[in-house]
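In the working numbering, the protein residues as written are 16 to 176.
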């Protein structure tokens, strides 16, 4: 296998695996340590750990109980996104390490949330960031990786020479 290809594989595989492992371990900790809707204050007035479940997608969209359509739609959408990420990865040229890292973070996050969706038919969220009464929707490590990866890809594409 050519050295460039080995390096690119490492750059996509290891960050994605790290995201998946950290995401699943953190969710296991939350599931075992907190009852659903239980909250633990971490930083007063700014950050809590809270055990919530999301059957929908980002920001609670399509989050309805017993919504089989939403479940299957999101499983198919996740698998499609994973396929497209892998396709994009194989088309990258050497030197696109920022995009490769970004794609890896997105891939790890997508797989982490897909694991939840297939195991529980919903995603475990637990990071609650807020200022006073204004709460950002709860999220998890997979969501943070997807957001960070998207930012890296966007910045790389915007400033690409």
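The C-beta atom is built at its ideal place from N, Cα and C for all residues, glycine as well.
Bear in mind that the values here come from a model prediction, so they are computed numbers and not experimental data.
Span separating the alpha-carbon of residue i from that of residue j
i, j, result
"residue 172", "residue 114", "8 Å"
"residue 54", "residue 71", "21 Å"
"residue 58", "residue 116", "30 Å"
"residue 27", "residue 48", "32 Å"
"residue 89", "residue 169", "23 Å"
"residue 95", "residue 143", "29 Å"
"residue 153", "residue 136", "17 Å"
"residue 163", "residue 118", "10 Å"
Endpoints, the beta strand (DSSP E) within which residue i is located
i, result
"residue 62", "62 to 69"
"residue 142", "138 to 146"
Enclosing alpha helix (DSSP H) for residue i [first to last residue]
i, result
"residue 51", "Residue 51 -> no alpha helix (DSSP H), and no H or E assigned at all."
"residue 135", "112 to 135"
"residue 179", "Not covered by the structure: residue 179. The range shown for the chain is 16 to 176."
Backbone secondary structure at residue i - three-state DSSP
i, result
"residue 154", "strand"
Nearest residue (CA-CA) to residue i, options the options
i, options, result
"residue 69", "87, 138, 168", "138"
"residue 126", "118, 93, 99", "93"
"residue 129", "38, 82, 144, 46", "38"
"residue 120", "51, 104, 108", "104"
"residue 65", "87, 41, 106, 162", "41"
"residue 102", "83, 112, 122, 91", "122"
Local Cβ density within 10 Å of residue i, reported as buried at 16 or more and exposed below that
i, result
"residue 141", "buried"
"residue 108", "exposed"
"residue 110", "exposed"
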